[in-house]
Each structure stands twice: as C-alpha cells, then as structure tokens.
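**Student:** This is the structure, below, for whatever I ask next.
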Amino acid sequence: MTKFGNSLRSATGKFIHPIAVCGLFLISLDQMIVVPIWFVYLLYLGKRERWLFKLALVFMGIVAIRLAVGILTVENHDSDTLEVTVVSCEDTRVIAQVHQRRYQLFFSESPSFIPGDRIRVTGHFFNLTQRYIPHVFDYARYQETLGISGHFSVDSADFIGHRFHVGIISVVAKRWVKERINPEIVPYVFLFVFGDDADVSKDLVRQSRLLGVSHLFAISGLHLGLIVGMLEWVLRRFFLTRRQHRGIIILFLVLYNVLLGFKISVFRASMLLSCMFIIPKKYHVTRIDVLSFIFLAMIIVRPAMIFNMGFQLSFLLTLVLILGSGFLKGCGQLEKLIRLCLIANAFALPIVVEANQGISGLFLVANLLLGLFVAYVFLPLSFLAIVCPCTGVYLQVMKLFETAISLMSSVGGFVSFSFKSPIFALLYWLGLWGCIISQKIHLRLVCIVVLIMALSGPWMPLIGRERVVVLDVGAGDAIYIESAGCRMLIDTGMPDDYDAVITFLNQENIRRLDLVVITHWHNDHYGELEDILKRFVVDEVIANRTSDLIDHPITVAPKGSTITCGTLAFEVLWSHVDHHNENNNALVLYGDIGGDKWLFLSDIEREVETILEKSGNIRADVVKVAHHGSDTSSIPTFIAQVEAHCAIISAAGDIRHRPDSGVIERWKRTAELYTTYEHGTVSVEYRWGRKTVHGYKPELFQIFKRLLHTAFGSENNG
Numbered sequence: 233m234t235k236f237g238n239s240l241r242s243a244t245g246k247f248i249h250p251i252a253v254c255g256l257f258l259i260s261l262d263q264m265i266v267v268p269i270w271f272v273y274l275l276y277l278g279k280r281e282r283w284l285f286k287l288a289l290v291f292m293g294i295v296a297i298r299l300a301v302g303i304l305t306v307e308n309h310d311s312d313t314l315e316v317t318v319v320s321c322e323d324t325r326v327i328a329q330v331h332q333r334r335y336q337l338f339f340s341e342s343p344s345f346i347p348g349d350r351i352r353v354t355g356h357f358f359n360l361t362q363r364y365i366p367h368v369f370d371y372a373r374y375q376e377t378l379g380i381s382g383h384f385s386v387d388s389a390d391f392i393g394h395r396f397h398v399g400i401i402s403v404v405a406k407r408w409v410k411e412r413i414n415p416e417i418v419p420y421v422f423l424f425v426f427g428d429d430a431d432v433s434k435d436l437v438r439q440s441r442l443l444g445v446s447h448l449f450a451i452s453g454l455h456l457g458l459i460v461g462m463l464e465w466v467l468r469r470f471f472l473t474r475r476q477h478r479g480i481i482i483l484f485l486v487l488y489n490v491l492l493g494f495k496i497s498v499f500r501a502s503m504l505l506s507c508m509f510i511i512p513k514k515y516h517v518t519r520i521d522v523l524s525f526i527f528l529a530m531i532i533v534r535p536a537m538i539f540n541m542g543f544q545l546s547f548l549l550t551l552v553l554i555l556g557s558g559f560l561k562g563c564g565q566l567e568k569l570i571r572l573c574l575i576a577n578a579f580a581l582p583i584v585v586e587a588n589q590g591i592s593g594l595f596l597v598a599n600l601l602l603g604l605f606v607a608y609v610f611l612p613l614s615f616l617a618i619v620c621p622c623t624g625v626y627l628q629v630m631k632l633f634e635t636a637i638s639l640m641s642s643v644g645g646f647v648s649f650s651f652k653s654p655i656f657a658l659l660y661w662l663g664l665w666g667c668i669i670s671q672k673i674h675l676r677l678v679c680i681v682v683l684i685m686a687l688s689g690p691w692m693p694l695i696g697r698e699r700v701v702v703l704d705v706g707a708g709d710a711i712y713i714e715s716a717g718c719r720m721l722i723d724t725g726m727p728d729d730y731d732a733v734i735t736f737l738n739q740e741n742i743r744r745l746d747l748v749v750i751t752h753w754h755n756d757h758y759g760e761l762e763d764i765l766k767r768f769v770v771d772e773v774i775a776n777r778t779s780d781l782i783d784h785p786i787t788v789a790p791k792g793s794t795i796t797c798g799t800l801a802f803e804v805l806w807s808h809v810d811h812h813n814e815n816n817n818a819l820v821l822y823g824d825i826g827g828d829k830w831l832f833l834s835d836i837e838r839e840v841e842t843i844l845e846k847s848g849n850i851r852a853d854v855v856k857v858a859h860h861g862s863d864t865s866s867i868p869t870f871i872a873q874v875e876a877h878c879a880i881i882s883a884a885g886d887i888r889h890r891p892d893s894g895v896i897e898r899w900k901r902t903a904e905l906y907t908t909y910e911h912g913t914v915s916v917e918y919r920w921g922r923k924t925v926h927g928y929k930p931e932l933f934q935i936f937k938r939l940l941h942t943a944f945g946s947e948n949n950g
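With the first letter of the sequence shown counted as 1, position 633 gets the number 865 in our numbering; the numbers rise by one all the way through.
Structure, rendered in structure tokens:
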C-alpha cells in the first residue's frame, strides 16, 4: 500500500490512476459487482491526490459523453438498400462502411469483392440473437467491440465502382506472397506474418485453444517486439544516426499496422514504442504514462473495446511487464524471455480461462516451450520464407509444431474451470503480484494464502445459500436450482449449437447434476438434454412420461408424487394425463426454496390452471409463469388465488415469442414481474435469511440509456 501511495505522489507513472478509474467506470456499467471497487478507488484518489481525483472526473466525463453520443446516434435500420464501401471480406461475411458506420453483410455464398469496392446491396437488417447468460460468449457485444453498427442479410449485390482503401494493401501483399511461396507453407506464413489464421487447420486451432496457446496464433505485442528486434539487428549493420534508426522503425510500424489492419495488440505496441521514441526525455514521461493515454484514447474512440479480450490481454500484460521490469534485471536474454513468458501467462490466466472455459494441465509448460519455439524459430523463419526459398526446413518446423500441440493437448488433460466472479480474478492478480514483488517472507505467505483463496474459492459452494436461476434461453425454459446437497435443472432449453446452458454450468464449476427434470416433451424444454447427458454426470432424469427421444433411464413422476433433491422436496401438482395438447401434460412442481413457496407452471394452459384452481388453495411466493407468458395461460382467477409477490417469465423478445401484454398486466397487478428478454437471466438468491432478485443484463448501462433517452426525448430506446 505504501508503494501504491508513493506512486500517486511520484512525478512519473501517475496518470495510470485516473485512467484506471475510467476503465473501472466502463466495466461497472456492465458488471455491478465492480461498482464498489470503482467507488473506493475514486474516493482514495480524492483523499490522497485531489488533482488526480479531478482529472479522473474529467476523463470519466469525456468517456461518458462519447458513450452517450454513440447511444443517441444509433440509426433506425429500416432501409432495404445500401450503398457501401467494402472494408474486408471473410467467407460469406463482408465488413462494409458507409457514413463512418460499419455494417456486417451476410451473403448466401462467398462474394468476390475486395476492399475499396463500392457496392449496392438489397436485403434487410436483422438483430443478432443475444442471450444474457453469465459466462456465455456474447457475440453481439463482440461485434460492438469491432465497431459493427448493424447486420444486413444480402439478397442481391451490384458493383458500382471502386475507390482506394488501405485494406487493399493487405490483400495485394497476401496475393504477392502466395504467388511466391509453396502452397503448403502459406497457412503458417500468413499466420505469423499477417496474423491471419483462416487457412490453419480448424482441428489444430481447437487443440491450441484447449491447451491455452491460441494466443500464439495472433500477432501480439511480444511478437511485434521480436520483429522490431530483428529489424534493429539488421539496421545495426548500417552506419545510421540514432534519429534515422528510429525513423525507419517508426515507418516500419506504420506500414505493418496498415498491412495488418490495425490489430489491437499491434497498434498498442506500435503506439507505445513510437511515443517513447518521439517524446523527449526531459519531459520525464514514462512508459506507464504513455500506455495510460493510449488506453484512454482507444476507449474514447470506441468504449465497447474495453470488453474485447485481445484489448484486455494486451494492456494488462504490457502493464504487468513494465511494472515487473525489475524482476528481469541481471538476466540473460534467454532467461529474460523465459521469465517474461511465465509472468505474462500467469497473469493472463483469468482471461484465458474465461475465454476457453477451462485450462490445460500443461498450460504454463506449453506456453513456455511453444512460445520460445515460435519466437526463435517459427516467426523468423516465416519472414525468411518470403524472400528465401526454405520450404523443406519450413515443412519440418511445421510438422514439429503441429505434433507438439497435438501431443501436449492429448496428455495435458483439460480442466473445466472458471473464476466465476471478477472478485476471485482480482484476488488472484493481487496475490500473484504480491508474490512477485514481496521481499518479506510474511508478506509473501499472505499473498500465497490470497492466491489459494482465489483458486479454491470458485469451487466452494457458499454456505447457507440457495438459489434459483432462470436462464435466458429465448423461447424456452431452463431453470437451475442449487441448494444444500442438490444441484438440479428443470428443462434444458432448445437445441443450441453454442451450448449456452452447458457453458453456464461449466463456468459455475459444476461437474455433476443430481437431477434433471423434463416437464414435457417439446424441444424448447428438452432440446439440450442429450448434450447435457454427454457432458455431465446426471444421477437421475425425471419426466412427465417416458420417451424414446433419449437413450437414458427416465423416472416418471405421476400427479401427487414428490420429487426430492437434497433438502428440497417438490410436490407434483400435475403430470401426464394423455392430453392431446402436450403442454397440458407438463409437470407442475410446488415446493419450498429459501423459505419461499415456489410454483413452476411449465407450459400448462388455462384448462389445467382452472383444474388446479378448483383442486385447492394454492398460494406461492414466487411463480415461474406458464407457457412463456402466452395468453393461452395466466387466467385472472388463478393469478388472484396464487397471490404471488414475484413472477418470472422465460421468453424471447421478438414479436413472435414476446409475452402477451394482457398477461403481463395481470401479473404486474399483484407481483413484481421479471422477464428474461428484459432482464436477461433472472437469479433469485437466498443467503442467511436474506433474499435478492436480480437480472444479468447490465443494469447500470440500461439505466444510463434510459436517462439519456428521457433527457433528449429519443424514442429509440434500444
């Protein structure tokens, strides 16, 4: 803490603090758990260094204004014809630009356009399917980080002209290289020279991801450093002044960024190096100061970029390596590179784990060995292959690289693991950093304890906690329930190529389910069951009736029976009656969770609701509303009898599947209503007698949007 306080009063490296506050401000809009950290950091600045506090407020104001401008200038995508300029092409997808906005165009087959082509396309805009489920990859958010403003399905396209675009330089360069070298080595030359892995074996990419070395398949700041190192070695052979030497390197960095399309990590490293060359030493500007302002400039240009994994890794690892430079003093070149690899990969672990949904047992070993191999062999040889024929040697190096990845991925094993919460990731980083810089044994022991807590905490169930998680699976049901001695799933959602429910369970460090209940045999309720049975140990499957849709023993739960799981017990109020409408054969479960009475109505319709209403006085505190809020259910008399104070609807937000407005109004008269299409995944938690209900959608960001649209009278509320 003393060193941290001293850094605030230091003449150098001070700007990182207000800019870090800006970064935490953006993240807190998305994850409320970060709000206390951001607030405490801001208060600490205000107490210790008032001018840095004021600077932080100014920077946050600039970022907030930029964010507001982006929200308020969102276009209504109602046109069916666009005239655009092609920026880049990949398979059947084209990135195109018009009026400073970028759109992703989807073709039925690969088009033959090149960057700079002006085309007229007809078709329609569409929204990407977006599911707000913890830990699940958010493709729509990823598109925002790339600056994509909309998505357009193309019916027809006409070429109307061509203008110069810098993207053509990369296309021409690749075409020139491809004509000069052996086709067998093209995929890896493109990979290490252009950062293009499109032609690399998909199986190898999958193995590298499981091994945790997929970052080697991208041009990183470390790669750029090695490339610049090679260039410096060549320049030393000529009699050049220091200014000429640096001028040539800066020119190379500019051209290389153009060639790669300004990839985040390369751009960041180039800017840092160029600024350190240009800024005179008399100003005492440190690398941390420069890095901080590069960070600020990039999030002002595109605030969503802070959620890009490449952006996060690039800045985090650069900061760590700058701060830990003292740890590398007195080392030889090889030892320094080994230490760099170990430190970088150790700090990258939380981000890599979140991206890969786990970690290989050989993560550090593979990164060290393969990193050195790429740095000293594969990368230099890839540049050499362009100017000098070395196909035989290159093919041997390729084979060795592929064999090493295949062997390590097969013997290293893969552990599905997640830090679950940013708090555990933060504890891990603090503990790891403390272990590196601590000189005193007792401080190092404390940091080791913090590390152990960070790594073991995500595996430990919270004592005294029960929870019900209604997952945002669109037009379907998937409800995860956790209590003492019980982990169960009620329904699984529709068939899903992206395995959202499976990813959620994996990232919650769940390996075994005590019970899976299938309420009825519609695919929006059992669609992912087969995949779940393959990926998890499931002790029992209970359903309303047997089915040949899955090859697994099924326990039938008749009406009046009781389903038990750990300390939980659910009365089956309704079950299969051989009704012609399968919705009315669905299981209705009634039980106590966290001291509340829960009623799970599945997809029953008004006919069954009437029967349940007449059969007895059913009262519940929380209700999972029937049939996704459709007007086929939720009759007023049934709602009045239940007297729930909380109701949850699992439904998609599109026009076809959105809940009926009358149903919504009826439930709102007596209960607080949550819907997955509005709130994302809805989680109800009970801990030590206290109940909390919250959605997974970025609540603060939604509040920020509503305030803006209210203040400026915009009808487009997103």
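We treat Cβ as the ideally placed atom computed from N, Cα and C, and that holds for glycine.
The model shown is predicted, which means the values in this text are computed figures rather than measured ones.
Should residue 535 be labelled buried (16 or more other beta-carbon atoms within 10 Å of its own) or exposed?
**Tutor:** buried
**Student:** State the DSSP-derived secondary structure class of residue 863, mapped to helix, strand or coil.
**Tutor:** coil
**Student:** So residue 342 and residue 324 are in contact, right, with Cβ under 8 Å, and what is the actual spacing, rounded?
**Tutor:** 5 Å
**Student:** Count the other CB atoms within 10 Å of the CB of residue 283; is the residue buried (16 or more) or exposed (fewer)?
**Tutor:** exposed
**Student:** Do residue 351 and residue 390 have their CB atoms nearer than 8 Å?
**Tutor:** yes
**Student:** By a C-beta neighbour count over all protein chains shown, 10 Å radius and 16 as the cutoff for buried, is residue 469 buried or exposed?
**Tutor:** Under the 10 Å beta carbon count, residue 469 is surrounded by fewer than 16 other beta carbons and is classified as exposed.
**Student:** Go ahead and pull the three-state DSSP assignment for residue 270.
**Tutor:** In the three-state reduction of the DSSP assignment, residue 270 falls in the helix class, which pools H, G and I.
**Student:** Counting along the chain, where does the beta strand (DSSP E) carrying residue 453 start and finish?
**Tutor:** No beta strand (DSSP E) contains residue 453, which is instead part of the alpha helix (DSSP H) from 453–467.
**Student:** Could you round the C-beta distance between residue 774 and residue 747 to whole angstroms and report it? I think they count as a contact, below 8 Å.
**Tutor:** 7 Å
**Student:** Would you mind stating whether residue 496 and residue 546 have Cβ atoms separated by less than 8 Å?
**Tutor:** yes
**Student:** Just the Cα atoms here: how many angstroms apart are residue 699 and residue 715?
**Tutor:** Rounded to the nearest whole angstrom, the CA to CA distance from residue 699 to residue 715 is 7 Å.
**Student:** Could you pull the DSSP bridge partners for residue 823 from this structure?
**Tutor:** 802 and 830
**Student:** Among the residues of its own chain, which have a CB less than 7 Å from the CB of residue 431, if the five just before and after it don't count?
**Tutor:** 418, 419 and 422
**Student:** Taking all protein chains shown into account, decide if residue 904 is buried (16 or more other Cβ within 10 angstroms of its Cβ) or exposed.
**Tutor:** The C-beta of residue 904 has fewer than 16 other C-beta atoms within 10 Å across all chains shown, which makes the residue exposed.
**Student:** Just to confirm the assignment: which complete beta strand (DSSP E) runs, minimum length 3, are found wholly within the stretch 635–694?
**Tutor:** Listed in chain order, nothing qualifies, since the stretch 635–694 has no complete beta strand (DSSP E) run of 3 or more residues.
**Student:** Could you check what DSSP says for residue 521 in three-state terms: helix, strand or coil?
**Tutor:** helix
**Student:** Residue range of the beta strand (DSSP E) that residue 356 falls in?
**Tutor:** Its beta strand (DSSP E) spans residues 349–358.
**Student:** Please check the pair residue 285 and residue 278, which I expect to be a contact at CB under 8 Å, by giving their CB distance rounded to whole angstroms.
**Tutor:** 4 Å
**Student:** Taking C-alpha atoms, which residue in 524, 516, 402 and 878 lies nearest to residue 503?
**Tutor:** 524
**Student:** Within the continuous beta strand (DSSP E) that includes residue 720, where are the two ends?
**Tutor:** Where residue 720 is concerned, the enclosing beta strand (DSSP E) stretches over 718–722.
**Student:** In this structure, what does DSSP give as the bridge partners for residue 321?
**Tutor:** 326
**Student:** Measuring alpha carbon to alpha carbon, tell me which residue in 760, 695 and 398 is nearest residue 921.
**Tutor:** 695
**Student:** Cβ of residue 652 within 8 Å of Cβ of residue 693?
**Tutor:** no
**Student:** What would DSSP say about residue 344, mapped onto helix, strand or coil?
**Tutor:** coil
**Student:** Please work out which residues of its chain come closer than 7 Å, Cβ to Cβ, to residue 679, disregarding the five sequence neighbours upstream and downstream, and give them in chain order.
**Tutor:** Closer than 7 Å at Cβ, skipping near neighbours: 663, 666, 667 and 670.
**Student:** Under three-state DSSP, which class holds residue 918?
**Tutor:** strand
**Student:** Can you list, in chain order, the stretches of the alpha helix (DSSP H) that have 4 or more residues and sit fully within the stretch 487–511?
**Tutor:** 496–510
**Student:** Could you compute how far the alpha carbon of residue 909 sits from the alpha carbon of residue 886?
**Tutor:** Taking C-alpha positions only, residue 909 is separated from residue 886 by approximately 9 Å.
**Student:** What distance in whole Å lies between the Cβ atoms of residue 384 and residue 355, which are believed to be in contact at a cut-off of 8 Å?
**Tutor:** Rounded, the Cβ-Cβ distance is 6 Å, consistent with contact.
**Student:** Buried or exposed: which applies to residue 599, given that a residue is buried once 16 or more other Cβ atoms fall within 10 Å of its Cβ?
**Tutor:** Label assigned to residue 599: buried.
**Student:** By a C-beta neighbour count over all protein chains shown, 10 Å radius and 16 as the cutoff for buried, is residue 575 buried or exposed?
**Tutor:** So residue 575 ends up on the buried side.
**Student:** Is residue 702 near the ligand SAM, judged by its Cβ being under 7 Å from some heavy atom?
**Tutor:** Within the structure as shown, the ligand SAM is missing, as the structure has no ligands at all.
**Student:** Measure how close the beta-carbons of residue 841 and residue 870 come, nearest whole angstrom, since I'm counting them as under 8 Å.
**Tutor:** 4 Å
**Student:** Report the rounded CA-to-CA distance for residue 345 versus residue 376, giving the unit in angstroms.
**Tutor:** Rounded to the nearest whole angstrom, the C-alpha separation of residue 345 and residue 376 is 24 Å.
**Student:** Identify the residues that DSSP records as bridge partners of residue 878: which are they?
**Tutor:** Looking at the DSSP assignment, residue 878 forms a beta bridge with 854 and 904.
**Student:** Helix, strand or coil for residue 391, going by three-state DSSP, please let me know.
**Tutor:** strand
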